[in-house]
Structures are given as C-alpha cells and as structure tokens.
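Peer 1: Right, I'll just put the structure down here and ask away after.
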Amino acid sequence: MYRIRFPKAFLMALLRLYRRYISPLFPPTCRYHPTCSTYAMVILRFAPLWYALPLIFWRLCRCNQMFKGGYDYPCVWVCLKREEMVFLPISITFWVIPKNNSYTFNLFYHKIEFQAYIITNQG
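Taking this note's numbering, the leading residue of the sequence shown gets 273, the next gets one more, and so forth.
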C-alpha cells in the first residue's frame with residue numbers, strides 16, 4: 273500500500289531503536305499525546321520526507337516546559353484510491369479523521385484527496 277524509501281525507512285528504524293532501547297531508560301516526559309516518537313513514526317509513514325522533517329523538528333522544539341502540551345495529532349494529506357477501498361476483515365492500525373469538509377474527488381483516477389488527522393492505536 274505504501275512504499276517507504278530508504279531515507280524514511282532508515283529514520284523509522286532509528287526511531288524503533290530509540291523506542292525499544294533508549295526510551296525505557298528514562299521516565300516518560302513527553303508533554304503531548306501521541307508521544308513525539310509516535311508522532312514522528314506516523315508523519316514519516318504518511319507524508320513526504322520534505323514535509324515530515326520540519327514538522328518533526330517543530331514538534332521536538334515544542335516538547336518542553338515552556339509549552340502547555342496536550343493533544344497534537346499529525347495532520348497530512350490523504351489520498352484514497354479505489355483499489356485501497358476494500359472492505360475486508362482487517363486489523364485497524366490507525367484512524368483517519370478529516371480536518372474539515374473540503375476534499376478533492378478525481379473521477380478519472382478514482383481517488384479522493386483530503387487533509388486529515390491520523391490517530392494510531394499503538395502507543
């Protein structure tokens with residue numbers, strides 16, 4: 273469904289290593305939900321690298337005592353193609369919540385594009 277190129281795959285592997293080996297050594301301090309590492313994983317999966325890196329950097333800069341924190345879900349452009357709209361029994365790994373009611377429907381390519389928040393089931 274999604275092709276993840278080498279730079280994104282490398283960054284995601286670094287994030288997995290951080291979450292598995294480094295993060296458990298320290299108490300949880302992230303001021304946001306989802307955590308900064310989950311935010312980075314989701315944004316890397318659904319957004320181009322040139323779009324994802326500034327968002328991740330800005331999120332890491334805001335994760336300190338000078339900012340209030342709270343809920344901050346990643347917001348990306350989602351493109352649903354007709355081939356991907358198959359209703360089979362699957363496990364749900366994320367929820368796509370439209371940001372507003374505006375969307376683009378391309379009749380020729382059978383796809384819908386809209387801006388949405390991505391909410392994951394994983395921590």
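Glycine included, every Cβ here is placed at the ideal spot set by N, Cα and C.
Over what stretch of residues does the beta strand (DSSP E) that includes tyrosine 323 continue unbroken?
Peer 2: That residue, tyrosine 323, is in no beta strand (DSSP E); its alpha helix (DSSP H) goes 321 to 334.
Peer 1: Give the DSSP-derived three-state secondary structure of tyrosine 311 in the structure shown.
Peer 2: Tyrosine 311 falls in the helix class under three-state DSSP.
Peer 1: What are the residues that DSSP puts in a beta bridge with glycine 397?
Peer 2: Given a span of 273 to 395 for the chain in the structure shown, any question on residue 397 remains unanswerable.
Peer 1: Looking at the strands, I want to know which residues DSSP matches up with glutamine 259.
Peer 2: With the chain represented from 273 up to 395, any question about residue 259 goes unanswered, as that position is not in the structure.
Peer 1: Sorted by chain position, which residues of the same chain lie with C-beta nearer than 7 Å to leucine 316's C-beta, five sequence neighbours on each side aside?
Peer 2: Lys280, Leu283, Met284, Ala324
Peer 1: For tyrosine 293, which beta-bridge partners are listed by DSSP?
Peer 2: According to DSSP, which records beta bridges pairwise, tyrosine 293 is partnered with nothing at all.
Peer 1: If I'm right that cysteine 347 touches glutamine 387 with Cβ under 8 Å, what's the distance once you round it to whole angstroms?
Peer 2: Right, the Cβ-Cβ distance comes to about 6 Å (below 8 Å), so this counts as a contact.
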